[in-house]
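**Q** Start counting the sequence shown at 0; every next residue gets the next number (numbering that gives the first Met the number 0).
We put the CB at the ideal spot given by N, CA and C, even for glycine.
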Amino acid sequence: MGRTSIELAPVGVQDSETGSPSSESISQQEDALAQNQGSRQDFSLPPADGGKDAWFFLAACFMLEGLVWGFPFAFGVFQDYYTTHAPFDTSSGIAVIGTCAMGIMYLDVPLTMGLLRRYPRLGRWSPIAGLLIMCLGLALSSFSTSAAHLVATQGVLYAVGGSVAYSPCIVYMDEWFVQKKGLAYGIMWSGTGLAGVVLPLLLQRLLDGYGFQTTLRAWAVAVFVLTAPLAYFIKPRLPLSAATHARPFDLRFVFTRTFAVHQAANVVEAFGFFLPGIYLPSYARSALGASGARSALTVLLVNVASVFGCVAMGTLIDRLDVTTCILISTLGATAGTFLLWGLASSLPVLYVFCVVYGLFAGSFTSAWTGIMKEVAKGGGDGEGNVAGRSVDPSMVFAFLAAGRGVGNVASGPLSEVMVRGLPWQGKAAAGYGSGFGTLIVFTGVTALVGGGSFLWKRIGWL
0 MGRTSIELAP VGVQDSETGS PSSESISQQE DALAQNQGSR QDFSLPPADG
50 GKDAWFFLAA CFMLEGLVWG FPFAFGVFQD YYTTHAPFDT SSGIAVIGTC
100 AMGIMYLDVP LTMGLLRRYP RLGRWSPIAG LLIMCLGLAL SSFSTSAAHL
150 VATQGVLYAV GGSVAYSPCI VYMDEWFVQK KGLAYGIMWS GTGLAGVVLP
200 LLLQRLLDGY GFQTTLRAWA VAVFVLTAPL AYFIKPRLPL SAATHARPFD
250 LRFVFTRTFA VHQAANVVEA FGFFLPGIYL PSYARSALGA SGARSALTVL
300 LVNVASVFGC VAMGTLIDRL DVTTCILIST LGATAGTFLL WGLASSLPVL
350 YVFCVVYGLF AGSFTSAWTG IMKEVAKGGG DGEGNVAGRS VDPSMVFAFL
400 AAGRGVGNVA SGPLSEVMVR GLPWQGKAAA GYGSGFGTLI VFTGVTALVG
450 GGSFLWKRIG WL
């Protein structure tokens, strides 16, 4: 793009350790703002990393995270309803609805984030605009008579609105939290885990009592009422005149070695990450004879544990090297999958696996803030900024999210192939011989490869 494009960029220097604006940089920006205002005493910025404004912003992001992402994570409830109730019980492609809702939200983050960077003033209106699109998608889906209608409304339209509403949270997070950035992201991302506990129970009761039409319309109204007031708090800390200046839009960090190595591990990890959430209830019912309520508890335990895992990893990423944090997540997820799920022959053991998997695998994305710092710190190649230009951490996040979306979309068809015909059934012990053995091994292997950046750094690739 030309020199007239606008993008958020540090006015001063960056902290060499974090890749984030240093205290000196923030002070320089405040001084510049004071001069523009005419008097230093007449102007002050709200504090970063604390103060009511920062915590109100984080609370709003936490709520928005839960409401936007929690709904597609609870799609299993709708899938069970649609496949057993007219007019959708004879339709094929029901699973595509949930895949579209979640996958598109991941995949289009670079587009929505790029638009907000190119036109930063859209950020203040983006949450409301996205909210309206989301609610429109939910309302229209209540009139659906075929799976194709649901894919277009509850899937695609909802996903577009969700990403538009959610992107400002990432764009402004770097302004509100600098030293506590990892903790802030961890708290925000834990909102999805909490919503993953509450929403399935709530939506199941609504579907059982009122049907899908009333449920979708009621949820559309509830989302608007709960989310609209939050838009006021999702705002930039720095005035746009001070936070932006004209410079070309640069995404060359995508082709640097540091980003490529982390992205490769991120995509592979995503291929297996979503599978337990999809298949654990079926495994509990078919392999262990659990009732409907007890089998559903598996997913709830994963989601509850991920709340604590995200916050804990967010705290660690502010203190430890990113590859060390990824290793912690990898070891817990891999060992839990192979030793607990693979050898599970009773419900209590399976429940222990659910907690372990939620704590460790569920916290993997909280390490993204460390990847953002690594790429931004050296321009992505460890040898300085790309062509002398600083890297935008929020765009690093956007492409990491897109990579996770690739894994999310591809894992569905792959998993269907792996469980078709129930391979290894009766030919191996415990979970490995349940018909889900190939799925368990695939989940464990992808979790292990997801921690490859720890090894790559030790041999000098990072």
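1. For residue 82 and residue 256, I'd like the C-alpha separation in whole angstroms.
2. Select from 286, 189, 281 the residue whose C-alpha is nearest the C-alpha of residue 342.
3. Once DSSP output is grouped into helix, strand and coil, what is the label at residue 0?
4. With H, G and I counted as helix, E and B as strand and the rest as coil, what does DSSP make of residue 425?
5. So, helix, strand or coil for residue 120, using DSSP?
6. Below 9 Å between beta carbons: does that hold for residue 331 and residue 289?
7. My parser needs the beta strand (DSSP E) runs of 3 or more residues fully inside the segment 187-223; what are they?
8. Could you check the C-alpha separation between residue 147 and residue 316 for me, to the nearest Å?
9. At which residues does the alpha helix (DSSP H) containing residue 489 begin and terminate?
10. Check whether the segment 53-62 touches the segment 177-195, taking contact to mean three or more Cβ pairs, one atom from each stretch, closer than 8 Å.
11. Under a Cβ-count criterion, where at least 16 other Cβ atoms within 10 Å of its own Cβ denotes burial, should residue 174 be classed as buried or exposed?
12. What is the DSSP secondary structure of residue 43, counted as helix, strand or coil?
13. What separation, rounded to the nearest whole angstrom, lies between the Cα atoms of residue 435 and residue 416?
14. Should residue 91 be labelled buried (16 or more other beta-carbon atoms within 10 Å of its own) or exposed?
15. Helix or strand or just coil, what does DSSP make of residue 294?
16. Compute the distance between the beta-carbons of residue 167 and residue 136, then report whether it is under 9 Å.
17. Start and end of the alpha helix (DSSP H) containing residue 178?
18. Express the C-alpha separation of residue 211 and residue 80 in angstroms, rounding to a whole number.
19. Where does residue 347 sit, in a helix, a strand or coil, going by DSSP?
20. Counting only runs of 4+ residues fully inside the segment 83-108, write out the alpha helix (DSSP H) ranges in chain order.
21. Does the separation of the CB atoms of residue 407 and residue 273 fall below 9 Å?
22. Suppose you measure from the CA of residue 466 to the CA of residue 321; what does that come to, to the nearest Å?
23. Between the segment 424-432 and the segment 337-354, are three or more C-beta pairs nearer than 8 Å?
24. Can you tell me the Cα-Cα spacing of residue 134 and residue 226, whole angstroms?
25. Determine the extent of the alpha helix (DSSP H) in which residue 341 is found, giving its start and end residues.
26. What span of residues does the alpha helix (DSSP H) with residue 328 cover, start to end?
27. Which residues mark the beginning and the end of the alpha helix (DSSP H) in which residue 364 is found?
28. For residue 488 versus residue 251, is the C-beta spacing smaller than 9 Å?
29. Given residue 109, which residues of its chain have a CB within under 6 Å of its CB, disregarding the five upstream and five downstream residues?
30. Take every Cβ of the segment 152-168, pair it with every Cβ of the segment 67-80, and state whether three or more of those distances are shorter than 8 Å.
**A** On the basis of the coordinates in this document:
1. Numbered from its first residue, the sequence shown carries residue 82 at position 83. Numbered from its first residue, the sequence shown carries residue 256 at position 257. Taking the straight line joining both Cα atoms gives about 45 Å.
2. As a working mapping, residue 342 is identified with position 343 in the sequence shown. Among 286, 189, 281, the Cα nearest to that of residue 342 belongs to 286.
3. Translated into the one-based positions of the sequence shown, residue 0 becomes position 1. The predicted position of residue 0 is uncertain, since its pLDDT is 46 and thus under 50; no value can be drawn from it.
4. In the sequence shown, counting from the first residue as 1, residue 425 sits at position 426. In the structure shown, residue 425 sits in coil (DSSP, three-state: anything other than H, G, I, E or B).
5. Numbered from its first residue, the sequence shown carries residue 120 at position 121. Residue state, collapsed to three classes: helix.
6. The sequence position of residue 331 within the sequence shown is 332, counting from 1. The sequence position of residue 289 within the sequence shown is 290, counting from 1. In this structure, residue 289 does not lie closer than 9 Å to residue 331 by Cβ.
7. none
8. For the purposes of this step, residue 147 is taken as residue 148 along the sequence shown, with counting starting at 1. For the purposes of this step, residue 316 is taken as residue 317 along the sequence shown, with counting starting at 1. Cα-Cα distance, rounded: 42 Å.
9. Coverage of the chain is limited to positions 0 through 461, which leaves residue 489 absent and any answer about it impossible.
10. yes
11. Your numbering for residue 174 matches position 175 in the sequence shown. Answer is buried; the Cβ neighbour count reaches 16.
12. Position 44 of the sequence shown, counted from the start, is the residue given in the question as residue 43. Looking at residue 43 - three-state DSSP - the assignment turns out to be coil, as it is neither helix nor strand.
13. Indexing the sequence shown from 1 puts residue 435 at position 436. Indexing the sequence shown from 1 puts residue 416 at position 417. C-alpha separation (whole angstroms): 11 Å.
14. The residue you call residue 91 lines up with position 92 of the sequence shown. Counting Cβ neighbours within 10 Å, residue 91 comes out exposed, since fewer than 16 surround it.
15. Your numbering for residue 294 matches position 295 in the sequence shown. Reduced to three states, the DSSP call for residue 294 is helix.
16. By one-based count along the sequence shown, residue 167 stands at place 168. By one-based count along the sequence shown, residue 136 stands at place 137. Against a cut-off of 9 Å, the Cβ pair of residue 136 and residue 167 comes out as no contact.
17. By one-based count along the sequence shown, residue 178 stands at place 179. First-last for residue 178: undefined, no H or E at that position.
18. For the purposes of this step, residue 80 is taken as the residue at position 81 of the sequence shown. For the purposes of this step, residue 211 is taken as the residue at position 212 of the sequence shown. Residue 80 and residue 211: Cα-Cα distance of roughly 8 Å.
19. On the sequence shown, position 348 is the one that residue 347 refers to. Three-state DSSP puts residue 347 in a helix.
20. 93-106
21. By one-based count along the sequence shown, residue 407 stands at place 408. By one-based count along the sequence shown, residue 273 stands at place 274. For residue 407 and residue 273, yes; Cβs fall inside 9 Å.
22. Any answer about residue 466 is impossible in this case: the structure gives the chain only from 0 up to 461.
23. yes
24. Residue 134 sits at position 135 when you count from the first residue of the sequence shown. Residue 226 sits at position 227 when you count from the first residue of the sequence shown. For residue 134 and residue 226, the distance between alpha carbons rounds to 11 Å.
25. Here residue 341 refers to the residue found at position 342 when the sequence shown is read from its first residue. Where residue 341 is concerned, there is no enclosing alpha helix (DSSP H), given that its DSSP letter is neither H nor E.
26. Walking along the sequence shown from the start, residue 328 turns up at place 329. Its alpha helix (DSSP H) spans residues 321-334.
27. In the sequence shown, counting from the first residue as 1, residue 364 sits at position 365. Careful: residue 364 lies outside any alpha helix (DSSP H) and carries neither H nor E.
28. Given that the chain is displayed from residue 0 to residue 461, the structure contains no residue 488 and the question cannot be resolved.
29. Here residue 109 is taken as the residue at index 110 of the sequence shown, counted from 1. The answer, listed in chain order, is 397, 398, 401.
30. yes
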